[in-house]
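**Student:** Residue numbers (our numbering), protein chains in the order written: chain A, 1290 to 1660; chain B, 2 to 530. Note that beta-carbon positions come from the ideal geometry of N, C-alpha and C, so glycine has one too. One structure is given below, represented as structure tokens, and several questions about it will come after.
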Amino acid sequence: MTAADFAGISNTAIAFASIVYVLAFMSHLAEWASSRGVAVGSPREVQAAGADAPERTASAPASLVPRSARQTRPASAVLPGAPAPTGTDADPVEVDDGTQRDVGAARVRVERFGAIGVALTVSAGFLHAVGVVTRGLGAEPARVPWGNMYEFSVAGTLGVTAFYLFLLRKYQLRWLGPLVTGFNVVVLMLAVLILYEPAGPLVPALDSYWLVIHVVAAIIATGAFTVGGMASLLFLVKERAQARGRTGSGYVARLPELAVLDRVAYRMHAFGFPIWTFAALIAGPIWAEHAWGRYWGWDPKEVWAFITWVAYAAYLHARATAGWKGRSAAIIALVALATLLFNFVGINFFFGASSQHSYAAGLVAAHSGLG
Amino acid sequence: MPPSTPPALTPVELTRWAWRQLTSMRTALVLLLLLALAAVPGSVVPQRDVDALAVGQWQDQHPTLTPIYEALGLFSVYESVWFSAIYILLMVSVVGCFIPRLRIYWRGMRSRPPPAPRHLSRLPEFRTLEVAVPPAEALERARSVLRGKRYRVEVSMVAEDGAQRPSRSTAGSSVAGERGYLREAGNLLFHASLLLVLVGFAWGNLSGYKGGVIVVSGQGFSNSLSQYDDFAPGSLFDPDDLAPFNLDIEDFDVTFLRGGPQAGMPTDFAADVSYRERPDAPLRRHELAVNHPLSVEGGDVYLVGHGYAPRVTVRDGAGDVAYKGPVVFLPQDPSFASFGVIKVPDALPEQLGFEGLFLPTYGFSMETGPVSQFPDALDPVLSMLPYRGDLGLDTGEPQSVYDLDKAELETFPGPSGGDFRLDIALGQTKTLPGGAGTISFDGVDRWVKLQVSRTPGKWLALGGVVLALLGLLGSLFIRPRRAWVRVSSRDGRTLVELAGLDRSPGGDLAEEIDEIESRLQDEPSEGRT
């Protein structure tokens, strides 16, 4: 096969991946829609809905979800996506016996939609990965598939999917399904419609092994921060709903407890932050020193990478600061995510001409004479 | 993180407590957010240190805002008083937080694990089990299990001679374990390393330099101040520190994509350089390319740009050669249509000047006039507007070589009115009207833009960030934890109580306690009681 064939396969795979993401998204919507009738009311959750929930998160999160509950029955009433309860030990999460059978039937339906959603997401992720790999083979000579904004968007969303699927079982993340698939649909659509560029060789400025190191780290960190940001967003949504006393049914009610949302968000961010530190403050400067002769030049991209770093540092600080836990920390996490996305989109479009990192414009790569 | 012990109320402690409040997490958090906010303008307003040209253009376009922005320091945000104030305050806050915590940590490091609380069942994780072995053996087993899991352990016996005989008291002997001391060490390392990075960064900015120079292929450069086109020294830089190297650009090659959707994109460019680190050092060669700089003693040389320098010969009215050589033209766009100026002060009877474009691959349309169709020099043409008169070089004021002072210059009249223009293809000679002279386009040279810089302290900054990352990993992923095992004897059976406490958020304490529990059980393991 020639490079052009691969490039063609890549475009087709990305298009199909987008369609399958749409189907996965719809199936997750159906999952949540069909769960509307199923009451949630578990003593544990109502108890956890108290105003002090975020504070308790930080002080003793492990105690909120004991291992026995997480392993044998991953909080089934809280998570419609979880396997059916084995019922080996009595647990307050169980709904009372009278409604057990109806709820059981509804649960099967909910479970089926959820499983379909996950299966579709896996398929979409596979197509997506094929699209990324063939994109790299579609350039002549073959290269890493993240040389311009289109490719970075496609690789970045693959990172988000990979993250979500990888941690799906460990943290019971199915409640993130609608957000992850919806996010990927939107970003892939924008990438194909607005950012698309035909496959081609790298501009010389990018032709370095640091492209692999620096950008892979940035993609991983972006994936972690995006998934973490989604958890923080849902934390805020759930917290608000609870503050207004709406905890009955629907998607929000079926989200995990605030403590769990907060903990998932924290783990994602804690994982992403050191990688971002490496990408933005170690690999980036080393490459900049190597290519441009200065390791830190306050280029707009560097400024915003720094702002993102400071914002996530503030998030980690906030979680350890009295009065900033929970809600405020979640808001900071979302602000930080906004700076991250702005750095990716905004800098290339609004500061394109003045940034040495502007790879958005087709022919011209870096600045002035370099391109 | 709050101190683990409440401060005593002596005046000294009270002062320390106040200082601790001043340098609290909350203050640090607000300063962090302020720092992020303060960095924003520097990405919106052009910065003098990043792009002085853009600052000039911006100031021309915004005459009313310029004095305000200037007063606020918005053209050099990262050197401004307010930006410095924020990060210096932050650093003071870090130091203020750091020193007392270092002392606390030092004390904590040397202390023994705290003894078991009276009611172990009140701790977040609590288990009880019965074992078949006597209490002393169970205690020893607990000690070795905790040791094996890298806890620091402390055994406290209730009975003075208790090892052989079980104690009669209800509160039995216990083992206390603590682990994860390195979390706080990582935390402290992280914050100390930030100071290191700042020092390295400041050092580089103060005593380093950065200079740019355009060298035509085939010509040379020696590292002295007078040779630079632009030079930005740090405020502590001494010109005598310039490394005495010199180099020649032997050859420069660039390849552009000929076809495909991205035609015209450069795929490869490299300069063949010969250099001497010192005048008496041996001649060496280096292929200078983007991502492949030349490192010499006391500086690094980078290839940051390239362009065309057409070779021309200008003869004056008398027929004498008034100028001969390459002239640097600056690329204007990706097609490498380049703007340049040829000044011929030696021409007689009048000085001559030329201003216009170099088009590497000539094209023409009625809408656009002459354009460049491709960045490579396939069909090069000089499209110039000639001037005659006084170039203004004798006034003593420095002039840019890319700018023609037209105050005392006039164009030649064209054949059908308007100004006389010249389109000169490679190898052609064109005659100026009125016997003012001729201009020949002899050939095309290329030039490279070199950046020479020295950034002392960069290894310090790098080391600082790497240490900060290590510290960060420690502070995020090492889990400080306490575990207690109490052994008591009741009716001839040995009862073991086990409890754990996580001292950081987000841990899997239950998992760890389960594992300890399973190891405390007899072999083969029995079910839980």
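For the segment 1445 to 1459 of chain A, which residues have a CB atom closer than 7 Å to at least one CB atom of chain B, in sequence order?
**Tutor:** From the segment 1445 to 1459 of chain A, no residue has a Cβ closer than 7 Å to chain B.
**Student:** Let me see if you follow: with CB-CB separation under 8 Å, is G1586(A) close to chain B or not?
**Tutor:** Closer than 8 Å to some Cβ of chain B, the Cβ of G1586(A) qualifies, so yes.
**Student:** Between I87(B) and L36(B), is the Cβ-Cβ spacing less than 8 Å?
**Tutor:** Contact flag set, yes.
**Student:** Within 10 angstroms of its Cβ, does L477(B) collect 16 or more other Cβ (buried), or is it exposed?
**Tutor:** L477(B) should be labelled buried.
**Student:** In chain order, what residues of the same chain have a beta carbon less than 7 Å from the beta carbon of Y1540(A), not counting five sequence neighbours either side?
**Tutor:** Within the same chain, Y1540(A) has close Cβ partners W1321.
**Student:** To the nearest angstrom, report how far apart L1484(A) and M1438(A) are at their CA atoms.
**Tutor:** Near 6 Å, if we compare the C-alpha coordinates of M1438(A) and L1484(A).
**Student:** Which residues share a DSSP beta bridge with M385(B)?
**Tutor:** Beta-bridge pairing links M385(B) to G357(B) and L423(B).
**Student:** Between S339(B) and Q374(B), how many whole angstroms is the CB-CB distance? I'm expecting something under 8 Å.
**Tutor:** No, S339(B) and Q374(B) are not in contact; Cβ-Cβ is about 14 Å, not under 8 Å.
**Student:** With distance defined between alpha-carbon atoms, name the residue in V329(B), D443(B) and P280(B) nearest to S401(B).
**Tutor:** With distances taken between Cα atoms, S401(B) lies closest to V329(B).
**Student:** Can the beta-carbon of T1597(A) be found less than 8 Å from the beta-carbon of T1628(A)?
**Tutor:** Contact: yes.
**Student:** List the residues of chain A whose Cβ lies closer than 7 Å to the Cβ of L379(B), in chain order.
**Tutor:** Under the 7 Å cutoff, chain A gives no residues; its nearest Cβ is about 17 Å from L379(B).
**Student:** When you compare only the Cα positions, how much space is there between H1558(A) and L1626(A)?
**Tutor:** Taking the straight line joining both Cα atoms gives about 10 Å.
**Student:** Tell me, please, whether the CB atom of Y1439(A) is closer than 8 Å to any CB atom in chain B?
**Tutor:** It does not: the Cβ of Y1439(A) has no partner Cβ on chain B nearer than 8 Å.
**Student:** Below 8 Å on C-beta distance, what does K211(B) contact in chain A?
**Tutor:** Ordered by position in chain A, the residues that pass the 8 Å Cβ test against K211(B) are G1582 and R1583.
**Student:** Taking DSSP as the reference, what is the three-state secondary structure of W59(B)?
**Tutor:** Reduced to three states, the DSSP call for W59(B) is helix.
**Student:** Report the option in M92(B), P135(B) and R102(B) whose CA atom is closest to the CA atom of R491(B).
**Tutor:** Considering only alpha carbons, the answer is P135(B).
**Student:** Look at the alpha carbon of I1308(A) and the alpha carbon of L196(B), and state the distance between them as a whole number of angstroms.
**Tutor:** Going by the C-alpha atoms only, they are around 50 Å apart.
**Student:** Going along the chain, which residues of the segment 1483 to 1500 of chain A sit with their C-beta nearer than 7 Å to a C-beta in chain B?
**Tutor:** Those would be P1487, G1489, P1490, V1492, P1493, A1494, D1496 and S1497, in chain order.
**Student:** Less than 8 Å between the CB atoms is what I'm expecting for L183(B) and G475(B), so what's the real figure, rounded?
**Tutor:** That belief holds up - the Cβ atoms of L183(B) and G475(B) are roughly 5 Å apart, short of 8 Å.
**Student:** Using a 10 Å radius around the Cβ and a threshold of 16 neighbouring Cβ atoms, would you call W1581(A) buried or exposed?
**Tutor:** Classification of W1581(A): buried, given that the 10 Å Cβ count is 16 or more.
**Student:** Can you tell me whether I1298(A) is helix, strand or coil according to DSSP?
**Tutor:** Note: I1298(A) maps to helix in three-state DSSP.
**Student:** So with Cβ pairs under 8 Å, would you call W1593(A) a contact of chain B?
**Tutor:** So, interface residue.
**Student:** Going by C-alpha to C-alpha distance, which of P416(B), T432(B) and L386(B) sits closest to R422(B)?
**Tutor:** Nearest C-alpha to R422(B): L386(B).
**Student:** Using a threshold of 8 Å, state whether the C-beta atoms of L349(B) and V315(B) are closer than that.
**Tutor:** Taking 8 Å as the Cβ cut-off, L349(B) and V315(B) do not qualify as a contacting pair.
**Student:** Could you work out which residues of chain B lie near E1578(A), taking near to mean beta carbons separated by less than 7 Å?
**Tutor:** Ordered by position in chain B, the residues that pass the 7 Å Cβ test against E1578(A) are K459.
**Student:** So with Cβ pairs under 8 Å, would you call Q352(B) a contact of chain A?
**Tutor:** It does not; no Cβ of chain A falls within 8 Å.
**Student:** Beta-carbon within less than 6 Å of V1553(A)'s beta-carbon, same chain only, minus the 5 sequence neighbours each way: which residues are those?
**Tutor:** Y1460 and A1520.
**Student:** Comparing C-alpha positions only, which one of Q228(B), D523(B) and I514(B) sits nearest to R128(B)?
**Tutor:** Checking every option, the nearest Cα to that of R128(B) belongs to I514(B).
**Student:** Taking C98(B) as the reference, give the member of G435(B), W18(B) and P280(B) with the closest Cα.
**Tutor:** Taking only the C-alpha atoms, the option nearest C98(B) is W18(B).
**Student:** What whole-angstrom Cβ distance do A1306(A) and A1413(A) have, given they're in contact under 8 Å?
**Tutor:** Right, the Cβ-Cβ distance comes to about 5 Å (below 8 Å), so this counts as a contact.
**Student:** Do P311(B) and V445(B) have their C-beta atoms within less than 8 Å of each other?
**Tutor:** It is a contact, given that the beta carbons lie within the stated cut-off.
**Student:** Taking 8 Å as the CB-CB limit, is D162(B) close to chain A?
**Tutor:** Model confidence at D162(B) stands at a pLDDT of 45, short of 50, so the residue's coordinates are unreliable and nothing is read from them.
**Student:** Just tell me which of I425(B), L394(B), K459(B) and A437(B) has its CA closest to the CA of R412(B).
**Tutor:** First, the amino acid is wrong: residue 412(B) is Thr here, not Arg. That would be A437(B), whose Cα lies nearest to the Cα of T412(B).
**Student:** Under 7 Å Cβ to Cβ from K325(B), same chain only, skipping five residues before and after it: list those, please.
**Tutor:** The residues are T314.
**Student:** Please list, in chain order, all residues of the same chain as T456(B) whose beta carbon is under 6 Å from its beta carbon, the five residues on each side excluded.
**Tutor:** Counting only Cβ-Cβ distances below 6 Å, and skipping sequence neighbours, we find G205 and G209.
**Student:** What runs of the alpha helix (DSSP H), each 4 residues or longer, lie entirely inside the segment 1433 to 1465 of chain A?
**Tutor:** You should have 1438 to 1460.
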